Structure formats: structure tokens, C-alpha cells
Ligand code: F6P
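In the working numbering, the protein residues as written are 1071 to 1587.
This is how it looks when you write it as C-alpha cells:
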């Protein structure tokens, strides 16, 4: 069964939300706190090592009640079941969306067949292969140990593994990991100057094995490689991850890790696309990441919406996007290791929900996908945060913090987290005229500066707090955002799992290829 086709604006809850918005749009978060002193406890969900405090948003209990009935009217519960049960919810491509099966330990049936054994067998292969590369049992053509791996892929075949490895570099082993995605020759030039073909493993990752950038990069690298070690060495040093065995064979690669049609590109790092993750941090850590994601999957599937983190995040996002008319969302991880998380979330969110045609084929009459952006705190505080504090736009922000540091620099962590708390406080409450005036007086500064020293506050934030950055908690965090995006798509009545929008550019590039070459 496909997803329901319901125009959100026709629901009773939507109309009520519109009316309700008019009554509370000017209420400040500070006022909400005074009216609902228990907000911090009420608007807070604890889930194992991750918690969400959403009390510092421009909404009250009534808003929440209406948003929850909106989700109900849109038949979200059924949609979640359809996702997990492998219904063909990617209707425009006639596909199921089963990345959750990749991290489950339960049997999952697709088209009458239990796909668990296939998943397990690939996981076993990933484990054995990565163990053998890491401990030197599998060697290069000339008998040397593999010291470097190069992941050749783009989009979901690049971003997921790359950002996970980057985020979990604390857990990294001795193998150096490189990624090549952009077709720009500068990229290849730099890479080839850095690696030794005798000790490098090349993983060509492409679900379709037809993506222009990936194939061009793979071909150029293979040519360079053959020039140095000869054609016979190719099979020892080139492997593939793909759903297109035929094209892989044509390319001349034997060792192939399969992925399945029911795994979407941007959700594929939980499959063999994550091979480079397993090679970089070991299979056990890769598996812990799958377990963390699975924990979030279960929470998402089983928890009533009022305590369901991905659902709440999604409803809050819709509240701003469709009623306050905001158009971007900021993600601010207070961890240098997660600096690139926003780039990963950009693909998950914007490629999924950047759609303007609804599930009935008509143009939507409301805003859909948000612009997602971000960077690491505290660097952001010295760059773009000015716009949040004193600019004219409302930019709902997710603050992601960790209770414990991975290192012994506890003083640094304390200061980092006091910045985290201070920013949230400043955004929430600001600094009023009186406070700003007193401050100027105290510091003996020019009182003409007063208007410039006022901070309106009332800027919405979600505070996501995690015990510690581990493969498990990262898995939870990434699955949380995946589900948030899915829920948004369901509620906006759009198809989140195709990406026709990127096709036109590709077609035009193919057509003009001879001109470029
Ligand atoms: O450009 C869009 C896209 O289709 C992504 O969704 C996908 O992750 C990427 O291209 C790469 O595709 P492939 O794995 O088939 O090379």
C-alpha cells in the first residue's frame, strides 16, 4: 500500500493551527515560561543516552496538542508502519524504502521473502573483508599491507561514509581513508600525489554504477594505476559496492559488495556502502552504529507521538516552516568532530523534501523542504551567529551537545558546554532595554549605543544532549534526523524518496560532455 494522499491544508487541525497561530504568534518564549513554569519538564524527552529539550520554542501545550492531532489526521502512524514493512512508499520509483532493515536484527519480509539472511550475509562479508584488510591478511598485488583506502563515489555513496568517518575519527585505526567525489581534476591530482598504488585499496561505490562523476574518477584512477602496476593488479586493488553487477563486470572488477533496490542512495551508508566505515573504525564500531540507529528506529516506530523525538522535531519544524513562514533551519553541533554533520543533513533533508508537487501530482500551496545549514559551535559564534542574535529572520536551531568529552581536556569541555548553554540562553531571553542600559552605564560606555546593544531574544532552539560521542549515539542521532525528514515528507504530502530534481542537470551535462572534453 502506498502512502495516503491528503492535502495537509484540508485537515481540521491545519485550520485550527492557523487560528491558534494568530493568538500566540506574538507571545515570547519568556512569557510561555511564565505561563507554563513546568515547561522544561513537560517539553522534554529522555531516550537512553540522548535527550531532547524543546521547551525553548515559540509554542505552548495547545500548539503541541494541535500538532499531534494534525499528525493523526495525516495518518502518520500508518505511514510509519508502511515504511518499516517495506510497502512501495517510494511510489514514483516503485520502490520500497527499507534502510531500517539494514540495522534491524529481526526478520523483515519484502515481496514475500525474508531479506534478513541476505543482509546478514553481506554484514559477515563486510566484517571478514575489513578484518582481513585491517590486520594485513589481505595484501596488495606486490605483497605489501594496505595502508590507504580510496572511496570513489558521490552523493549518498560518498557523504554518509565520509561524514561518519570524520565524526568518529576518535575511533579511527591506522588505515588512512580518502574520498573522491567531485569530477574536478584537481581533486584526483591531489589524491594521486598522496597515495602509493601498491598499498592502496580503491572502492568504487555506486548503486547504479552509471553516475558520471564516479565513473570518470574511477576510470582515470584505474588508468593511472595500470600505468604503474599493470592490468593484472587491478582485481587485487579495485573492489565495488553496487546494485548493478553487470556494469561492475564491464568495468573489470570482480569483488563486489551488493546493495539492494530498496536502499535509497542517501540512506545507503547502513549497507555495504558503509564498507569504508568498517575499514576505518573496525566492524565492531560499524555494527554499534547500526545498533544505535536500530534503537532510534524502535523508538520511532513504537513510541506515542507526544514522546517521539523524530516526530516532535518534525512537527516543530513544520510549525515554523508553515505557520511562521521560516525557510531555513540551523544545526549547531558543539563538537569539532561533528563539524560536517550539517552537510550530511543537507542531502538527507533537501534532496528528500525539496519538492513542490504533492502526492496527487498537483503543485503544493504551502512551503515544503527547509534550507538546512550549520557548522560547529563555538566557531559559529564568531561568524554567522550575529544574524541569529540580532538579524531580522527567525531561524530555528538545533543545538547538539555532549555531556562528556572524549578526551582528557575536561576544562575545555566545560567551557565548550558553557558556551552551548550561554548561546541558548542568549537566544531565548536576549537582553532587554533596561539591562542593556545598565550594562552600558556600568561599563561607562556611550549610551547612544543603546539600540545596538539590545537583544530581542525569543529565538527558538531545540536542545539535543547526548552522553558521549560514540558509534552507537551517532547512529541514534543520524537515524533521528532521517526519521524527522520522513515525517516531514509524509505531512507535506510529498514524495521524499525520489530525486528527479537532480536529473535535469545530469542530462544537460551528458549532452554537453563533448564540449567540455
Ligand atoms: O545525485 C543524486 C543521486 O542519485 C543520489 O541520490 C545518490 O546518492 C547519488 O546520486 C549517487 O548515485 P550512485 O550511488 O548511483 O552513484
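Even glycine gets a Cβ: it sits at the ideal position worked out from N, Cα and C.
Since the model is a prediction, treat every value here as computed from it, not as a measurement.
Cβ-Cβ separation, residue j to residue i (assumed contact under 8 Å), whole Å
{"i": "residue 1441", "j": "residue 1398", "result": "4 Å"}
{"i": "residue 1292", "j": "residue 1279", "result": "Contact flag wrong, Cβ pair sits at about 14 Å."}
{"i": "residue 1494", "j": "residue 1242", "result": "The pair is not a contact, with the Cβ atoms about 31 Å apart (cut-off 8 Å)."}
{"i": "residue 1345", "j": "residue 1200", "result": "7 Å"}
{"i": "residue 1381", "j": "residue 1141", "result": "6 Å"}
{"i": "residue 1090", "j": "residue 1136", "result": "6 Å"}
Contact test: residue i Cβ vs the ligand ADP heavy atom, cutoff 7 Å
{"i": "residue 1335", "result": "This structure simply doesn't include the ligand ADP; it includes the ligand F6P instead."}
Residue nearest to residue i in terms of C-alpha spacing, selected from the options
{"i": "residue 1339", "options": "1492, 1120, 1173", "result": "1173"}
{"i": "residue 1517", "options": "1507, 1525, 1102", "result": "1507"}
{"i": "residue 1359", "options": "1492, 1138, 1412, 1545", "result": "1545"}
{"i": "residue 1365", "options": "1120, 1071, 1580", "result": "1120"}
{"i": "residue 1168", "options": "1558, 1549, 1564, 1579", "result": "1549"}
{"i": "residue 1098", "options": "1509, 1499, 1503", "result": "1499"}
{"i": "residue 1459", "options": "1184, 1505, 1501", "result": "1501"}
{"i": "residue 1107", "options": "1090, 1225, 1131, 1117", "result": "1131"}
{"i": "residue 1443", "options": "1466, 1452, 1456, 1436", "result": "1466"}
{"i": "residue 1414", "options": "1254, 1400, 1154", "result": "1400"}
{"i": "residue 1423", "options": "1334, 1481, 1567", "result": "1567"}
{"i": "residue 1034", "options": "1092, 1094, 1150, 1087", "result": "With the chain represented from 1071 up to 1587, any question about residue 1034 goes unanswered, as that position is not in the structure."}
{"i": "residue 1327", "options": "1297, 1393, 1189", "result": "1189"}
{"i": "residue 1204", "options": "1171, 1353, 1236", "result": "1353"}
Inter-residue Cα distance where the pair is residue i and residue j
{"i": "residue 1320", "j": "residue 1574", "result": "26 Å"}
{"i": "residue 1417", "j": "residue 1336", "result": "7 Å"}
{"i": "residue 1196", "j": "residue 1348", "result": "7 Å"}
{"i": "residue 1313", "j": "residue 1325", "result": "13 Å"}
{"i": "residue 1343", "j": "residue 1276", "result": "8 Å"}
{"i": "residue 1084", "j": "residue 1367", "result": "27 Å"}
{"i": "residue 1571", "j": "residue 1430", "result": "18 Å"}
{"i": "residue 1123", "j": "residue 1535", "result": "8 Å"}
{"i": "residue 1074", "j": "residue 1332", "result": "20 Å"}
{"i": "residue 1433", "j": "residue 1080", "result": "15 Å"}
{"i": "residue 1206", "j": "residue 1223", "result": "25 Å"}
{"i": "residue 1179", "j": "residue 1251", "result": "34 Å"}
{"i": "residue 1210", "j": "residue 1261", "result": "18 Å"}
{"i": "residue 1077", "j": "residue 1286", "result": "43 Å"}
{"i": "residue 1542", "j": "residue 1468", "result": "20 Å"}
{"i": "residue 1234", "j": "residue 1096", "result": "40 Å"}
{"i": "residue 1109", "j": "residue 1532", "result": "13 Å"}
Boundaries (first-last residue) of the alpha helix (DSSP H) holding residue i
{"i": "residue 1246", "result": "Careful: residue 1246 lies outside any alpha helix (DSSP H), inside the beta strand (DSSP E) at 1246 to 1250."}
{"i": "residue 1314", "result": "Looking at the DSSP string, residue 1314 is not in any alpha helix (DSSP H), and its letter there is neither H nor E."}
{"i": "residue 1260", "result": "1255 to 1264"}
{"i": "residue 1041", "result": "Since the first residue shown for the chain is 1071 and the last is 1587, residue 1041 is missing from the structure and cannot be characterised."}
{"i": "residue 1351", "result": "1345 to 1351"}
{"i": "residue 1195", "result": "1186 to 1204"}
{"i": "residue 1139", "result": "1131 to 1143"}
Boundaries (first-last residue) of the beta strand (DSSP E) holding residue i
{"i": "residue 1328", "result": "1326 to 1328"}
{"i": "residue 1403", "result": "1398 to 1403"}
{"i": "residue 1117", "result": "1114 to 1117"}
{"i": "residue 1444", "result": "1441 to 1444"}
{"i": "residue 1489", "result": "Counting along the chain, residue 1489 falls outside any beta strand (DSSP E), though it belongs to the alpha helix (DSSP H) covering 1480 to 1499."}
Residue i at chain C interface by Cβ criterion, 8 Å
{"i": "residue 1448", "result": "The structure shown has no chain C; it contains just one protein chain."}
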